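**Q**
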Amino acid sequence: MTEDTQRTTSATTSTPWVGLKAAAFWPLRLVMDLVDRPLAWLQATFGQRAMVVFFLLPNLAIFGIFVMLPLVINVIYSFTGGSALFLDERVGVGFEQYQTLFDCRDFTDPFSCRQDAFWAGVYNTLTFMLLQVPAVALTALITALVLNREMRGRGFWRAIFFFPVLLSPVVVGLIWKWILERNGLLNALLNGLGLEGTVWLGDSFWAMFWAIFVSTWAHMGFYTLILLAGLQSIPRDLYEAAAMDGTSRPRALLRITLPLLWPTMLVVLILALIRAVQIFDEVYVLTGGGPGTSTQMLVQYIYQTGFAALLRNLGLAAAASILMGLVLMVLTLLQLGIAARRSREVAG
Amino acid sequence: MGAVRRFVLRRRGGDRWHWTDVVAWTWLVLGLILMLGPAIWLTLSSFKTRSALNEFPPTLLPLTTETRMVEGYEEPLELYRVTLEDGEERVLAQVRRVGIVAQMVDPDDPGERIDVPIAAREPVRTTELATENYTEPLERFAFLTFFYNSVFVTVMATVITLIVNSMAAFALSKYQFRGRGTVLIFILATLMVPLPVILVPIYVVINYLNLFDSLWGVILPTVATPTGVFLLRQYMLTIPDELIEAARMDKASEWKIYWRIILPLTAPALAVLAIFSVMWRWNDFLWPLVVLSQRELYTLQVGLNAFAGELNVQWHYVLAMTVLTMLPVVIIFVFLQRFITSGVASTGMK
Chain A
10 MTEDTQRTTS ATTSTPWVGL KAAAFWPLRL VMDLVDRPLA WLQATFGQRA
60 MVVFFLLPNL AIFGIFVMLP LVINVIYSFT GGSALFLDER VGVGFEQYQT
110 LFDCRDFTDP FSCRQDAFWA GVYNTLTFML LQVPAVALTA LITALVLNRE
160 MRGRGFWRAI FFFPVLLSPV VVGLIWKWIL ERNGLLNALL NGLGLEGTVW
210 LGDSFWAMFW AIFVSTWAHM GFYTLILLAG LQSIPRDLYE AAAMDGTSRP
260 RALLRITLPL LWPTMLVVLI LALIRAVQIF DEVYVLTGGG PGTSTQMLVQ
310 YIYQTGFAAL LRNLGLAAAA SILMGLVLMV LTLLQLGIAA RRSREVAG
Chain B
26 MGAVRRFVLR RRGGDRWHWT DVVAWTWLVL GLILMLGPAI WLTLSSFKTR
76 SALNEFPPTL LPLTTETRMV EGYEEPLELY RVTLEDGEER VLAQVRRVGI
126 VAQMVDPDDP GERIDVPIAA REPVRTTELA TENYTEPLER FAFLTFFYNS
176 VFVTVMATVI TLIVNSMAAF ALSKYQFRGR GTVLIFILAT LMVPLPVILV
226 PIYVVINYLN LFDSLWGVIL PTVATPTGVF LLRQYMLTIP DELIEAARMD
276 KASEWKIYWR IILPLTAPAL AVLAIFSVMW RWNDFLWPLV VLSQRELYTL
326 QVGLNAFAGE LNVQWHYVLA MTVLTMLPVV IIFVFLQRFI TSGVASTGMK
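Protein sequence lines, in the order shown, are assigned to chains A and B. 10 is the number of the first residue of the first sequence in our numbering; add one for each residue after it. 26 is the number of the first residue of the second sequence in our numbering; add one for each residue after it.
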């Protein structure tokens with residue numbers, strides 16, 4: 010009798026969960042225990058060093074095959090031509106691909122270039138960077154300052170601003186495409202205010218505007234969290250001391266918060282820059298690069314040239330991607346340098 | 026009135042409202058509308074019928090005009106509430122519209138035609154969810170296939186990511202060996218190489234490996250993540266080495282130590298990485314777009330983009346499919362929001 014009741018209580022409380030967990034992990038457990046035998050043999054024969062190699066191997070192999078090897082192939086590829094895919098069938102052309110990319114009568118006018126789409130991509134990406142990075146940094150800063158205040162439901166508000174970050178670029182692009190439709194919500198709201206709407210994505214100025222807006226909307230929450238972490242590391246007593254001296258809140262913001270937040274802000278700016286150079290998916294889904302080539306970005310040029318075009322030119326795409334990679338490398342080294350300096354400052 | 030105002034404006038600590046409070050709350054409310062509004066609008070729209078989607082200005086809720094079969098007419102007719110010239114209000118069915126005049130009949134007595142100026146009629150509307158937006162794509166398009174592909178890629182990539190990255194993190198945190206620093210730098214260096222830079226050569230490598238147009242071609246290049254290795258390594262460094270020494274005394278193999286001792290203790294960090302990996306792989310777009318050319322292999326994101334990019338965008342289907350694509354992420358977010366935001370704040374990864 011007692012045994013029976015015990016069994017029922019344990020069955021109602023913990024067994025379903027434990028059972029479910031055990032069932033989910035059972036195949037994994039089996040595999041992991043099965044490989045133990047050969048691995049124990051490996052360890053016994055070759056020693057612990059072999060095990061270190063074994064633990065590192067899968068990761069390093071994947072990095073090697075899918076990151077390092079491609080880097081080498083990319084360089085070789087950018088010096089070859091033809092339509093063959095595999096390296097041994099491609100013919101060396103020297104700097105021809107790069108010359109094609111830089112074949113311009115007037116570098117300020119993309120249409121005077123042989124690869125006008127490349128230069129359109131370069132200039133659009135530049136425009137995008139110059140406007141989106143400040144926009145995303147500024148909105149994230151304001152949001153972080155607001156969220157850093159003493160208030161109820163801070164977790165809720167933080168979640169609200171972070172929500173779009175998790176949406177896929179395709180979903181982000183489609184949501185806004187729907188809002189910006191001719192019959193869409195935005196035009197309806199403008200109509201309600203007595204204003205005239207327009208075909209937003211059919212106009213090159215507005216298409217770029219919305220590309221920047223949408224991508225700011227989608228990524229702001231991420232940078233907000235980083236800035237928020239930076240704000241929370243500023244010692245509270247600084248503000249208390251300032252309040253004691255009768256410093257006004259705006260003055261405390263300018264004299265205490267912003268200077269102390271600057272290192273974090275620098276990280277945000279560079280992360281945002283690295284992102285902006287690679288901008289592709291949400292803009293591609295939103296505008297398709299159009300109208301014309303007015304929102305076509307550098308990555309879209311690489312994708313179109315190498316993969317989507319009827320006459321695919323992988324060599325040209327490789328050359329363009331190497332040029333982009335150089336820019337990104339400079340930015341990343343800058344970021345690492347700043348991060349190293351910061352950690353030294355913290356340590357010292 | 027004064028009491029209400031005091032109640033609304035009351036603050037902890039009894040401070041007066043500062044102008045910065047007003048700015049802050051304006052920003053929050055604006056943010057609430059702007060951040061959540063679009064997704065809510067998408068969801069509301071996805072339940073509208075095709076004709077309701079074409080309406081301008083759009084209504085907030087999915088409304089449809091009621092229809093009714095009327096004797097003598099083959100198609101169901103739309104019902105309108107009509108104010109007649111003598112001021113009487115009646116519900117009539119519209120037969121056709123000629124310019125600014127609508128020809129209507131009484132649905133109960135369809136013999137007599139009544140001409141009504143279109144300004145004097147209002148459609149009879151009810152809220153109706155157009156669930157066919159959701160059910161039809163399931164039957165007519167390969168939506169379920171896309172869904173299955175996405176789930177397969179996400180689950181497989183996440184499982185492999187966890188195993189492969191935790192193995193490397195274990196070796197890098199619990200063993201002293203020559204070249205450890207080099208390996209760490211090597212892994213860190215891969216952070217500098219984002220996908221667009223090596224798009225062409227990865228594609229070539231995938232073709233060498235015969236993985237083009239295969240879901241494994243989508244999965245494999247993504248499973249080793251430098252951020253994942255570092256997150257797990259930092260966490261494993263906090264696990265005391267004595268545990269491992271004790272296990273070695275008991276003649277446990279190194280693999281057993283990894284699998285039976287270290288992994289269970291790393292569970293919190295593994296959970297964070299798992300959540301992120303699911304998000305990354307579910308939302309991946311550019312790489313699957315390049316590697317998958319057959320429609321039946323498309324993941325949701327690629328399929329959705331292809332479908333939305335067709336010449337005649339069938340918004341009623343696209344919106345419903347977008348909602349379904351968004352749904353898993355929203356569910357994860359609602360339940361695991363705290364993990365995600367703290368994970369981002371502490372690792373700076375996304």
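C-beta: ideal position from N, C-alpha, C; glycine also. Keep in mind that this is a model prediction, so the values were computed, not measured.
For the beta strand (DSSP E) holding Ala127 of chain B, just list the boundary residues, first then last.
**A** Here the beta strand (DSSP E) through Ala127 of chain B covers 126-131.
**Q** Interface residues of chain B around Pro67 of chain A at Cβ under 7 Å?
**A** In chain order: Val189, Met192.
**Q** Between Phe202 of chain B and chain A, is any beta-carbon pair separated by less than 7 Å?
**A** Cβ-Cβ to chain A under 7 Å: yes for Phe202 of chain B.
**Q** Taking its Cβ as the centre, do 16 or more other Cβ atoms sit within 10 Å of Ser19 of chain A, making it buried, or is it exposed?
**A** The predicted position of Ser19 of chain A is uncertain, since its pLDDT is 41 and thus under 50; no value can be drawn from it.
**Q** Of all Cβ atoms in chain B, is any one closer than 7 Å to the Cβ of Arg353 of chain A?
**A** For Arg353 of chain A, the answer is no, since every Cβ of chain B falls outside 7 Å of its Cβ.
**Q** Is it the case that the segment 292-305 of chain B contacts the segment 143-161 of chain B, given that we only count it when at least three CB pairs across the two stretches are under 8 Å?
**A** Touching, no.
**Q** Could you give the distance in angstroms between the alpha-carbon of Leu140 of chain A and the alpha-carbon of Arg38 of chain A?
**A** In a straight line, the C-alpha of Leu140 of chain A is about 52 Å away from that of Arg38 of chain A.
**Q** Measure the beta-carbon distance from Thr183 of chain B to Leu86 of chain B and round it to whole angstroms, keeping in mind my assumption that it falls under 8 Å.
**A** The Cβ separation is near 38 Å, so there is no contact.
**Q** What does the alpha-carbon distance come out to for the pair Asn192 of chain A and Ala348 of chain A?
**A** Near 48 Å, if we compare the C-alpha coordinates of Ala348 of chain A and Asn192 of chain A.
**Q** Identify which residue in B:Ala144, B:Arg146, B:Pro293, B:Met129 has its Cα closest to the Cα of Arg138 of chain B.
**A** Checking every option, the nearest Cα to that of Arg138 of chain B belongs to B:Met129.
**Q** Can you say whether Ile212 of chain B is buried or exposed, counting buried as having 16 or more other CB atoms within 10 angstroms of its CB?
**A** It counts as buried.
**Q** Suppose contacts are defined by Cβ-Cβ distances below 7 Å. Is Val61 of chain A in contact with Ala196 of chain B by that definition?
**A** It is a contact, given that the beta carbons lie within the stated cut-off.
**Q** Can you find the residues in the same chain that come closer than 7 Å, C-beta to C-beta, to Glu105 of chain A, ignoring five residues on each side of it along the sequence?
**A** Closer than 7 Å at Cβ, skipping near neighbours: Gly90.
**Q** Answer with buried or exposed for Pro47 of chain A, where buried requires no fewer than 16 other C-beta atoms within 10 angstroms of its C-beta.
**A** Exposed is the call here.
**Q** Does the segment 329-337 of chain A come close enough to the segment 215-225 of chain B to have 3 or more Cβ pairs within less than 8 Å?
**A** Touching, yes, given that three or more Cβ pairs across the two stretches are closer than 8 Å.
**Q** Beta-carbon of Ser278 of chain B versus every beta-carbon of chain A: anything under 7 Å?
**A** So yes, Ser278 of chain B belongs to the interface.
**Q** State the DSSP-derived secondary structure class of Leu66 of chain A, mapped to helix, strand or coil.
**A** Helix, per DSSP.
**Q** Would you kindly report the start and end of the unbroken beta strand (DSSP E) that includes Gly136 of chain B?
**A** Unbroken beta strand (DSSP E) run through Gly136 of chain B: 134-142.
**Q** Is the distance from the Cβ of Gln309 of chain A to the Cβ of Phe289 of chain A below 7 Å?
**A** Against a cut-off of 7 Å, the Cβ pair of Phe289 of chain A and Gln309 of chain A comes out as a contact.
**Q** Among all the DSSP beta bridges, which residues are the ones paired with Arg146 of chain B?
**A** Paired residues: B:Val107.
**Q** Would you identify the three-state DSSP class for Thr11 of chain A, choosing helix, strand or coil?
**A** For Thr11 of chain A, the pLDDT reaches just 43, beneath the cut-off of 50, and the residue's location in the model is therefore unreliable, although a value from the coordinates is still provided. Reduced to three states, the DSSP call for Thr11 of chain A is helix.
**Q** Exposed or buried, what is Val257 of chain A when buried is set at 16 or more other beta-carbons lying within 10 Å of its beta-carbon?
**A** Just to set this straight, residue 257 of chain A is Ser in the shown sequence, not Val. So Ser257 of chain A counts as exposed.
**Q** Counting only beta-carbon atoms, is Trp52 of chain B nearer than 7 Å to chain A?
**A** By this cut-off, Trp52 of chain B is an interface position.
**Q** What separation, rounded to the nearest whole angstrom, lies between the Cα atoms of Ser177 of chain A and Met351 of chain B?
**A** Going from the Cα of Ser177 of chain A to the Cα of Met351 of chain B covers about 8 Å.
**Q** Pop quiz: Leu187 of chain B and Leu295 of chain B are said to be a contact at Cβ under 8 Å. What is the actual Cβ separation, rounded to whole angstroms?
**A** Going by Cβ atoms, the distance from Leu187 of chain B to Leu295 of chain B rounds to 6 Å, so yes, they are a contact pair.
**Q** Are the Cβ atoms of Glu143 of chain A and Ala227 of chain A separated by less than 7 Å?
**A** With the sequence shown as reference, residue 143 of chain A is identified as Pro, and Glu is not the correct amino acid for it. Contact flag unset, no.
**Q** By the three-class DSSP mapping on this structure, what secondary structure does Val338 of chain B have?
**A** It is coil, neither helix nor strand.
**Q** Over what stretch of residues does the beta strand (DSSP E) that includes Glu114 of chain B continue unbroken?
**A** Glu114 of chain B -> beta strand (DSSP E) spans 114-123.
**Q** Strictly by DSSP, which residues pair up with Gly346 of chain A?
**A** According to DSSP, Gly346 of chain A bridges with nothing at all.
**Q** Between Val276 of chain A and Gln344 of chain A, how many whole angstroms is the CB-CB distance? I'm expecting something under 8 Å.
**A** With a Cβ gap of about 7 Å, Val276 of chain A and Gln344 of chain A count as contacting.
**Q** Give the residues from the segment 81-97 of chain B that approach chain A closer than 7 Å (Cβ to any Cβ), ordered along the chain.
**A** Against chain A - using a Cβ distance shorter than 7 Å - the residues of the segment 81-97 of chain B are Phe81, Pro82, Pro83.
**Q** Excluding five sequence neighbours on each side, which residues of the same chain lie with their C-beta closer than 6 Å to the C-beta of Gly298 of chain A?
**A** Excluding sequence neighbours, Gly298 of chain A sits near Thr304, Gln305, Gln309.
**Q** Helix, strand or coil for Thr74 of chain B, going by three-state DSSP, please let me know.
**A** Thr74 of chain B falls in the coil class under three-state DSSP.
**Q** Hey, how far is the Cα of Leu224 of chain B from the Cα of Leu57 of chain B?
**A** Rounded to the nearest angstrom, the two C-alpha atoms are 37 Å apart.
**Q** Given this structure, state the Cα-to-Cα distance separating Phe170 of chain A from Gly182 of chain A, to the nearest angstrom.
**A** Looking at the two C-alpha atoms, the distance is approximately 18 Å.
**Q** Does any CB atom of chain A fall closer than 7 Å to the CB of Ala249 of chain B?
**A** Ala249 of chain B counts as touching chain A.
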